[in-house]
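A.B. asks: First the structure, which I've put down as structure tokens, then a few questions once you've had a look.
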Amino acid sequence: MTKSNALRKMGLIVAVDSNYGIGKNGTLPWSLKKDMQFFVDHTMRTKDPNKVNAVVMGRKCWESIPVKFRPLKNRLNVVISRTLPKHRDDNLIIRWVFFFFFFFFFFFFFFFFFFFSSGF
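Mapping the sequence shown onto the UniProt record's numbering, position 29 (from 1) lands on 29, and the numbers just tick up by one.
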């Protein structure tokens, strides 16, 4: 396998509560300083200084970020939405892609099925 078609590693940071909830009233269901610092540390830095990480989020998550912090610095912000107008610049992509939603939810539920069925 050549480097150009080698499988690429992808890391995910997913936060859910005990009922698999990802938000409550437009915010996270918890407020943990160490949790947020972990997110910042792992999404802002890359091993290769010529690359950036992507942060993929939905419209509500995007809107929950204070305007003065949008887009998230030093990361490619990808906002998946059916209602926001399409937009693209160096730091931000807003797009609605049905396939992405299908892939994300398939992967999300597969991960939890595997995680909980493996006895962790």
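By construction, the Cβ of each residue, glycine as well, lies at the ideal position given by its N, Cα and C atoms.
For Val16, count the other beta carbons within 10 Å of its own beta carbon; 16 or more makes it buried, fewer makes it exposed. Which is it?
C.D. replies: Exposed, since its Cβ has fewer than 16 Cβ neighbours within 10 Å.
A.B. asks: Figure out for me which residue from Ile22, Val55 and Ser18 has the closest Cα to the Cα of Leu12.
C.D. replies: The option with the nearest alpha carbon to Leu12 is Val55.
A.B. asks: The alpha helix (DSSP H) spanning Met57 covers which residue range?
C.D. replies: Here Met57 belongs to no alpha helix (DSSP H); instead the beta strand (DSSP E) covers Asn53 to Gly58.
A.B. asks: May I have the straight-line CA-CA distance separating Gly58 from Thr46, to the nearest angstrom?
C.D. replies: Cα to Cα, the separation comes out at about 23 Å.
A.B. asks: So what does DSSP say about Pro14, is it helix, strand or coil?
C.D. replies: Note on residue identity: the sequence assigns Val, not Pro, to residue 14. Three-state result, Val14: coil.
A.B. asks: Return helix, strand or coil for Thr27, following the three-state DSSP convention.
C.D. replies: Strand at Thr27.
A.B. asks: Kindly examine the ligand NAD and report whether one of its heavy atoms sits closer than 6 Å to the Cβ of Ala54.
C.D. replies: As for the ligand NAD, it is missing from this structure, which has no ligand bound.
A.B. asks: So, for Pro29: in the same chain, excluding its five sequence neighbours on each side, which residues have a beta-carbon less than 6 Å away from its beta-carbon?
C.D. replies: Here the set comprises Asp17 and Gly21.
A.B. asks: Buried or exposed: which applies to Asn50, given that a residue is buried once 16 or more other Cβ atoms fall within 10 Å of its Cβ?
C.D. replies: It is exposed - the Cβ of Asn50 has fewer than 16 other Cβ atoms within 10 Å.
A.B. asks: Whose CA, out of Trp62, Met36, Met44 and Leu84, lies closest to the CA of Arg75?
C.D. replies: Considering only alpha carbons, the answer is Met44.
A.B. asks: On the criterion of 16 or more Cβ atoms from any shown chain inside 10 Å, does Asn19 qualify as buried, or is it exposed?
C.D. replies: So Asn19 counts as exposed.
A.B. asks: At which residues does the alpha helix (DSSP H) containing Val40 begin and terminate?
C.D. replies: Segment Lys33 to Met44, the alpha helix (DSSP H) holding Val40.
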